[in-house]
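Have a look at the structure below before the remarks.
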Amino acid sequence: MPGAWAFQRTGRQDDRTMGIYEKAGEPFLASMSKVFGFEASRKKGHAVAQTCEALLRGEVEALISMGGNLFRAIPDTDVICPTVSRLKMTVLVNTKLNRSATVHGQKAFLLPCVARSERDLQNGVAQTITVEDSMSMVHGSTGMLEPASKHLISEIAIIAGIAKATLAPNPKVDWDSYVNDYARIRDKIEEVLPEQFYDFNQRILEPGGFRLPNAASERKWDTESGKANFLFPEGVYDEDDTPPGAEHLQLMTIRSHDQFNTTVYSNDDRYRDIYGDRMVVMLNPQDIERLGLKAGDYIEFQTALDPTTTRRAAGFKVIPYDVPQGCCAAYYPETNGLLPLANRDKHGNTPAAKSIPVNLVRMSSEGTQVALERRGLIAAAS
Numbered sequence: 001m002p003g004a005w006a007f008q009r010t011g012r013q014d015d016r017t018m019g020i021y022e023k024a025g026e027p028f029l030a031s032m033s034k035v036f037g038f039e040a041s042r043k044k045g046h047a048v049a050q051t052c053e054a055l056l057r058g059e060v061e062a063l064i065s066m067g068g069n070l071f072r073a074i075p076d077t078d079v080i081c082p083t084v085s086r087l088k089m090t091v092l093v094n095t096k097l098n099r100s101a102t103v104h105g106q107k108a109f110l111l112p113c114v115a116r117s118e119r120d121l122q123n124g125v126a127q128t129i130t131v132e133d134s135m136s137m138v139h140g141s142t143g144m145l146e147p148a149s150k151h152l153i154s155e156i157a158i159i160a161g162i163a164k165a166t167l168a169p170n171p172k173v174d175w176d177s178y179v180n181d182y183a184r185i186r187d188k189i190e191e192v193l194p195e196q197f198y199d200f201n202q203r204i205l206e207p208g209g210f211r212l213p214n215a216a217s218e219r220k221w222d223t224e225s226g227k228a229n230f231l232f233p234e235g236v237y238d239e240d241d242t243p244p245g246a247e248h249l250q251l252m253t254i255r256s257h258d259q260f261n262t263t264v265y266s267n268d269d270r271y272r273d274i275y276g277d278r279m280v281v282m283l284n285p286q287d288i289e290r291l292g293l294k295a296g297d298y299i300e301f302q303t304a305l306d307p308t309t310t311r312r313a314a315g316f317k318v319i320p321y322d323v324p325q326g327c328c329a330a331y332y333p334e335t336n337g338l339l340p341l342a343n344r345d346k347h348g349n350t351p352a353a354k355s356i357p358v359n360l361v362r363m364s365s366e367g368t369q370v371a372l373e374r375r376g377l378i379a380a381a382s
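Just so you know, we're using UniProt numbering here: the sequence shown kicks off at 1 and counts up by one.
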């Protein structure tokens, strides 16, 4: 397409820029150690996938989750979530309740906090936080709405409170000062990362904020060829994943129009002209015929991987749709339990959520009725 090009975007918000990374390296750790007068650990931590594996091995004693909906978003939910009850403690810091609040350890803390859209007053002064978007732009964000409760405190106050109660006093770290004025946090960020965040508090006042360096957008490639190199997972060119006539299909999990990550605002999907129901499977009409199904049938997914573990999801209505033969589509996170944790990219740990080998089994009339009753679509039999 004329005028089209690859989009150079950064990762999730500003996590890694700020060192929220399971394998943070130099010179960041050295700079942080110098500024705050302690020796930062060089020990590698766990990404989400490794955390889930550690849960399965029984190596985790406590888990603190800052925001999000971890136990609804992860793969292999039916395998991993039952292990959480063995933990001594779980902590969930969030702006509202979600499914993850129901998956907890022996002792559980739910800590509500002020949302970014809400006013955050410290000593009567409105506080501004900063965010980094996918375009490498950093800008200030000041909440305008009335907080849901006068008792809510900020994430910063929660983190600082935990740190103050847990860590030994450090004359170079004044937790109370950071809570009282977020600009002081930005002063420290500037000390740790002076090249990217010089004049931090002044630059966020500029309309639109300021842009961090992004070598890819400037076409600077640190490669032998001096050009961008695209990396592909092993087997990406293999054509035998789904042989012609195979009983199993490749399931791709998708999101609807009225959805943001695990937050589902309605059961409608204007993108695909599907309304009132998310428990659907989109199938190529030729596959529907080949599998002996028809539109409106209800099926059960069965993962066609790892015969040692049964992964099923039932009650999905067949909808003819323009998807490639040998493939099918269903919504996330309803189908997360079908995706084995090990089925992921070995470098980035990205789950293979667009390629899950599954078998489709037509449900009996009795099974269909039970599935519909559970979803409240029909009245339960008396």
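The beta carbon of each residue, even a glycine, is placed where N, CA and C say it ideally should be.
Bear in mind the structure is a predicted one, so any value in this text is a computation, not a measurement.
Task: Option in Phe197, Tyr21, Ser149, Val93 with minimal Cα separation from Leu161 - done: The residue you asked about is not Leu; residue 161 is Gly in the sequence shown. The candidate whose alpha carbon is nearest that of Gly161 is Val93.
TODO: Grab me the residues of Met252's own chain with a C-beta within less than 6 Å of its C-beta, minus the 5 sequence neighbours each way, in chain order.
DONE: Ala329, Lys354
Task: Supposed close pair Met137, Arg219 - CB separation, criterion 8 Å - done: The Cβ separation is near 19 Å, so there is no contact.
TODO: Spatial neighbours of Val84 within its chain, please: CB distance less than 8 Å, with the 5 preceding and 5 following residues excluded, ordered by chain position.
DONE: These residues qualify, in order along the chain: Leu55, Leu63, Phe71, Thr90, Val103, His104, Gly105.
Open item on the list: Am I right that Pro357 and Gln250 are in contact with their C-beta atoms under 8 Å? What's the rounded C-beta distance?
Closed with: 6 Å
Task: Whole-Å CB distance - Gly67 paired with His139, under 8 Å assumed - done: With 8 Å as the limit, Gly67 and His139 do not qualify as a contact, their Cβ atoms being about 19 Å apart.
Task: Contact under 9 Å by Cβ, Ala313 with Leu338 - done: yes
Task: Straight-line gap, Ile299 to Leu293 (C-alpha atoms, nearest Å) - done: 9 Å
Task: Bridge partners - Gly67, DSSP secondary structure assignment - done: Beta-bridge pairing links Gly67 to no other residue.
Open item on the list: With H, G and I counted as helix, E and B as strand and the rest as coil, what does DSSP make of Asp240?
Closed with: For Asp240, the predicted model reports a pLDDT of 49, less than 50, meaning its position is unreliable; a value from the coordinates is still stated below. Of the three classes helix, strand and coil, the one that applies to Asp240 here is coil, per DSSP.
Open item on the list: Helix, strand or coil for Asn214? Go by DSSP, reduced to three states.
Closed with: coil
- [ ] State the beta-bridge partners of Met362 as determined by DSSP.
- [x] Note on identity: in this sequence residue 362 is Arg, with Met being the wrong assignment. In DSSP, Arg362 forms a bridge with Ile299.
Task: Through-space distance from Asp222 to Ala216, alpha-carbon basis - done: 10 Å
- [ ] Have a look at the DSSP bridge pairing and note the partners of Asp269.
- [x] Secondary-structure assignment with DSSP links Asp269 through a beta bridge to Ile274.
TODO: Evaluate the contact criterion for the stretch 176-186 versus the stretch 116-126: three or more CB pairs, one atom per stretch, below 8 Å.
DONE: yes
Open item on the list: I need the DSSP call for Tyr182, collapsed to helix, strand or coil.
Closed with: helix
Task: Beta-carbon contacts of Asn336 that lie in its chain and below 6 Å, excluding the five residues immediately before and after - done: Pro75, Thr77
Task: For Pro169, the nearest candidate out of Phe109, Arg203, Gly37 (CA to CA) - done: Gly37
TODO: Quick one: residues in its chain with C-beta nearer than 6 Å to the C-beta of Leu145, no 5 flanking neighbours on either side, listed in chain order?
DONE: Ser117, Glu118
Open item on the list: Checking 9 Å against the spacing of the C-beta atoms, do Thr130 and Arg186 come in under that value?
Closed with: yes
Task: Reduced DSSP secondary structure (H/G/I, E/B, other) of residue 457 - done: Within the shown structure, residues of the chain are numbered from 1 to 382, placing residue 457 beyond reach of any answer.
TODO: Return helix, strand or coil for Gln50, following the three-state DSSP convention.
DONE: In the structure shown, Gln50 sits in a helix (DSSP, three-state: H, G or I).
Open item on the list: As a quick exercise: from Ala30, Arg86, Ala73, Phe301, pick the residue whose alpha carbon is nearest that of Phe260.
Closed with: Ala73
TODO: With a threshold of 16 other CB atoms inside 10 Å of the CB of Arg374, please say whether the residue is buried or exposed.
DONE: exposed
Open item on the list: Excluding the 5 residues flanking Val173 on each side, which residues of the same chain have their C-beta closer than 7 Å to its C-beta?
Closed with: Phe36
Open item on the list: Between which two residues does the alpha helix (DSSP H) holding Gln196 run?
Closed with: Taken as a continuous stretch (DSSP letters only), the alpha helix (DSSP H) holding Gln196 covers 194-197.
Open item on the list: Does Met135 pass the burial test, meaning 16 or more other C-beta atoms within 10 Å, or should it be called exposed?
Closed with: Per the 10 Å Cβ criterion, exposed.
- [ ] Determine which residues share a DSSP beta bridge with Gln250 and list them.
- [x] Looking at the DSSP output, Gln250 bridges to Cys327, Pro357.
Open item on the list: According to DSSP, Leu92 sits in a beta bridge with which residue or residues?
Closed with: Looking at the DSSP assignment, Leu92 forms a beta bridge with Ser65, Leu110.
Task: Cβ-based neighbour list, His46, same chain, cut-off 7 Å, excluding 5 preceding and 5 following - done: So the qualifying residues of the chain are Glu22, Ala54.
Open item on the list: At the level of alpha carbons, what is the spacing between Ala165 and Arg86?
Closed with: 25 Å
TODO: Return the chain-ordered list of same chain residues with a C-beta closer than 7 Å to the C-beta of Ala40, the five sequence neighbours on each side being excluded.
DONE: Leu29, Met32, Ser33
Task: Span of the alpha helix (DSSP H), counted from its first residue to its last, around Ile80 - done: 77-80
Open item on the list: Using a 10 Å radius around the Cβ and a threshold of 16 neighbouring Cβ atoms, would you call Lys188 buried or exposed?
Closed with: Buried, since its Cβ has 16 or more Cβ neighbours within 10 Å.
Task: As assigned by DSSP and simplified to three states, the class of Leu42 - done: With the sequence shown as reference, residue 42 is identified as Arg, and Leu is not the correct amino acid for it. Note: Arg42 maps to coil in three-state DSSP.
Task: Residues of its chain near Lys44, where Cβ-Cβ distance is below 7 Å and the 5 sequence neighbours each way are ignored - done: Glu22, Lys23
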